[in-house]
Amino acid sequence: MTLAAIDIAIILTYIALTVGLGFWVAKLSSGSMANYFLAGNKLPWYALGLSNASGMFDVSGTMWMVGLLVIYGVKSAFIPWLWPVFNQIFLMVFLAIWLRRSGKLTGAEWISFRFGEDAGARASHIINVAFALITVAGYIAFSFLGIGKLAAGFFPYEFAADAVTNERIYGLIIVALTTLYVVKGGMYSVVVTEVLQFALMLVVCVAIGVLAMNAVSPEMLKAAVPNGWNSLAVGLNLGLDWKGVAATAAPENAVIATSALWQIDHDGYSLFGIIVGLMLFKGVFQSMAGPAPNYDMQRLLSARSPVEAAKVSGFVNVVLLFPRYMMIAGLGVLALVHIGPVWTQMQADAVAAGKPFTPDFDSILPFVLSNFLPTGLIGLVVAGLLAAFMSSFSASLNAAPAYLVNDIYRKYIKPDASEKTYVSLSILASAAFAVIGVFIGWQLTRVGDLIMFIAVGLYGGYTTANFIKWYWWRLNGTGYAISMALGIGLALLMAAYKVELKARFGLDELSGFPIVFMICAVAAVVGSYLTKPTDMDVLKAFYIKTRPWGFWGPVHQACLIDEPNLQKNKDFGRDMANVGVGIVWQTAITAAAIFMIIHETQKMWITLAVVAVCTLILKFNWWDRLRDSPDEA
């Protein structure tokens, strides 16, 4: 599709405004590492919350979730538990407060706060930095892959005859523009531009949702999907008869059904109840491990206080989920009704060329936008999706140098360098990671496969050691380092031998998670007991400041010698109750948005009633009980 002049003008104006704004606020980040990476801990919680929500509003993830909605219907609301999306609930209830009480600059620096500075602690610190840098590179590649697909579908100029290469070149240009203001302005530029980007995305979400509601009637949607597609209920089996649709629908609709069957088989989600159970099991442990060392953690460490850190995570759920799923559901239903003829022709062309037809669900988003949006609105929507990309990309890119410069260069190489030197090196590190991420993304083709590796494989290896570190005093740096190194190694091996493991043992990243978790747990316990405990003074300093609940009895007793009135954290029961309510609250917000777009009015009001009840419970049992210090009444 060729964009009209007005659409191109809107997009270019947005790009100029974003880059200009990023440079304008860059002077606020000069002077120190704290200013560059944490904005001096001066930004209010609602600005950080909007920034974090904007950073999660990525193009690649949106493409993936649109495809999921087409295939799995309303049940697709559960599939983002792979990340898991409900980690924001654990953060807002208690983990964001515990994390922010440390006052540290990065997650790796926090590791030294927990384990001290002995040999095992240094090993755990380095492995944490390595994990952070691997995930940042993965996120950048993930963002690059999605934005190239989107841009190539709209902008008229072709840099290469090969479609994939053309996508990559467009991605490279947009990455370069975004990198300009991120490396210059640090956290200030990231947050300020992301607030602007979120406002634009909000308009885009509402516009697409309203358009879909007016363009697709309940009757049109019902004819395109199997029974149960509009149900949130989960049973053992998926319960969606796409075979029946493929057999009875017109050819232009049958191709969607056969493509859905192919994707369900590729994903391995036929026994959906078991998949949801595995995602919940993995998600709970991964959420209790706390935020991974990426942009999410940096936002929490940037908060002005522990209470504000908790509010950042809570606010993300309020402002992100409903509008984002208005857009996802709108794009999905428009595709279900209208993309059939296009895929039918693509299938015929593939057969004529003697090639298999592999459906590209990532292409749904650019297809819908290019075929159903009027002139002017297309420019606004493309600008909004560029905003989503810039948000997620800039958030990831800002996290990388914090670990490389603060946790490696300053800690081990030159601790007495000037703040100006550290900031200059951070700028160079950001640019380098932009190049590395683009290089990785250039080698990839499918967004969903990268999501599975990052969210399930790599994070699965991260989970065990980081879960135990909060709740068991005896885990030391050596046990942590062994467990985490083993977990990351197993994740990489599973990725390298994915096809063989699936064929011989039926294992993939998700079904293999319990096995990886248990192996890493044994390694953590054995490694800790075979080496000396963490110095008690280090543990006491960590415990007094953070005050986690869990198995901290010996440390608490040691603290009582100096502080006889020190109180244990007795909030475990209330925190877990709030987590349960929060997961229901979050899922109901998501489902309500989908039900609204697909004209399921009664179900929408029921889920909104659930949202209202959960909100009241959280108001009295969470919000009103937040406190900065563990010793506050």
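Residues in the sequence shown are numbered from 9 upward in steps of one, following the numbering used here. We treat Cβ as the ideally placed atom computed from N, Cα and C, and that holds for glycine. Since this is a predicted model, take the numbers as computed values, not measurements.
Does DSSP put W481 in a helix, a strand or coil?
W481 falls in the coil class under three-state DSSP.
If we call anything under 8 Å between Cβ atoms a contact, is L342 one with F380?
Contact: yes.
Does DSSP put F521 in a helix, in a strand, or in coil?
F521: helix per DSSP, three-state reduction.
Pull up the distance between the alpha-carbon of G588 and that of Q610, whole angstroms please.
Roughly 24 Å between the two C-alpha positions.
So, helix, strand or coil for F559, using DSSP?
Strand at F559.
Helix, strand or coil for H133 per DSSP?
H133 falls in the helix class under three-state DSSP.
Do you know offhand how far Y80's Cα is from A207's?
Cα-Cα distance, rounded: 29 Å.
For a test of the three-state rule: what should DSSP assign to S382, helix, strand or coil?
Looking at the sequence provided, one finds Pro at residue 382 rather than Ser. Coil.
Count the other CB atoms, across all protein chains shown, that sit within 10 Å of the CB of M526; report buried if there are 16 or more and exposed otherwise.
Under this definition M526 is an exposed residue.
Which term fits D415, buried or exposed, when burial requires 16 or more other beta carbons within 10 angstroms of its beta carbon?
That one is buried.
Can you tell me the Cα-Cα spacing of A127 and G485, whole angstroms?
In a straight line, the C-alpha of A127 is about 8 Å away from that of G485.
On the DSSP letters alone, give me the boundaries of the alpha helix (DSSP H) that Q610 sits inside.
Element bounds for Q610: 609-629.
Between the segment 165-176 and the segment 504-519, can you find at least three pairs of beta-carbon atoms closer than 8 Å?
Contact fails: fewer than three Cβ-Cβ distances are below 8 Å.
Thinking just about the alpha-carbon of each residue, which of V82, L394, M584 is nearest to the one in S62?
The residue with the shortest Cα to Cα distance from S62 is L394.
Closer than 7 Å by C-beta to G75: which residues in its own chain qualify, once you throw out the five before and the five after it? Chain order, please.
The answer, listed in chain order, is F369, D370, I372.
Assuming V183 contacts F150 (C-beta within less than 8 Å), just tell me the rounded distance between them.
Not confirmed; about 12 Å, so no contact.
Nearest to S120 by CA position, among Y420, F102, T366, A620, is which residue?
Considering only alpha carbons, the answer is Y420.
Nearest-angstrom Cα distance between D273 and N629?
Taking the straight line from one Cα to the other gives about 43 Å.
Using a Cβ distance threshold of 8 Å, determine whether the segment 346-359 contacts the segment 236-246, with at least three qualifying pairs required.
No, they do not touch.
Based on Cα-Cα distance, which residue from L141, M604, M228 lies nearest to V218?
For the residues L141, M604, M228, the minimum Cα distance to V218 belongs to M604.
Considering only residues of the segment 94-176, which uninterrupted alpha helix (DSSP H) runs meet the minimum length of 4 residues and lie entirely inside it, listed in chain order?
Counting only runs of 4 or more, we get 95-98, 104-108, 115-123, 127-160.
Assign I569 to buried or exposed, taking buried as 16 or more other Cβ atoms, counted over all protein chains shown, within 10 Å of its Cβ.
Exposed, because fewer than 16 other Cβ atoms sit within 10 Å of the Cβ of I569.
Would the segment 375-390 and the segment 290-298 be scored as touching if the rule is three or more Cβ pairs under 8 Å?
Counting Cβ pairs under 8 Å, fewer than three are found: no touch.
Kindly indicate which residue of A499, G340, L547 has the alpha-carbon position closest to the one of V82.
The candidate whose alpha carbon is nearest that of V82 is G340.
Is S278 helix, strand or coil when you go by DSSP?
If DSSP states are grouped into helix, strand and coil, S278 belongs with coil.
Starting from the Cα of A159, find the closest Cα among L377, V211, G487, I614 and give me that residue.
Among L377, V211, G487, I614, the Cα nearest to that of A159 belongs to L377.
Express the C-alpha separation of A24 and G193 in angstroms, rounding to a whole number.
With a pLDDT of 49 at G193, under the threshold of 50, the modelled position of this residue cannot be trusted, and the question is left open.
Our contact map puts N261 next to G348 with C-beta atoms below 8 Å; I'd like the distance itself, whole angstroms only.
Their Cβ separation, rounded to whole angstroms, is 5 Å, which keeps N261 and G348 in contact under 8 Å.
Tell me which residue opens and which closes the alpha helix (DSSP H) that V242 is part of.
Taken as a continuous stretch (DSSP letters only), V242 belongs to no alpha helix (DSSP H), as it is neither H nor E.
Relative to the alpha-carbon of T114, which residue among I105, F98, V93, N136 has its alpha-carbon at the smallest distance?
Here the closest residue by C-alpha is N136.
When the distance is taken between beta carbons, is L624 closer than 8 Å to V327?
Cβ distance not < 8 Å, so V327 and L624 don't count as in contact.
Please give me, in chain order, every unbroken run of the alpha helix (DSSP H) with length at least 4 that falls completely inside the segment 331-393.
The segment 331-393 contains these whole alpha helix (DSSP H) runs: 348-360, 372-380.
Helix or strand or just coil, what does DSSP make of N586?
Helix, per DSSP.
Are the CB atoms of S321 and A104 within a distance shorter than 8 Å?
Going by C-beta atoms, A104 is nearer than 8 Å to S321.
Straight-line CA distance for V443 to G179?
If I take the Cα positions, the gap works out to 12 Å.
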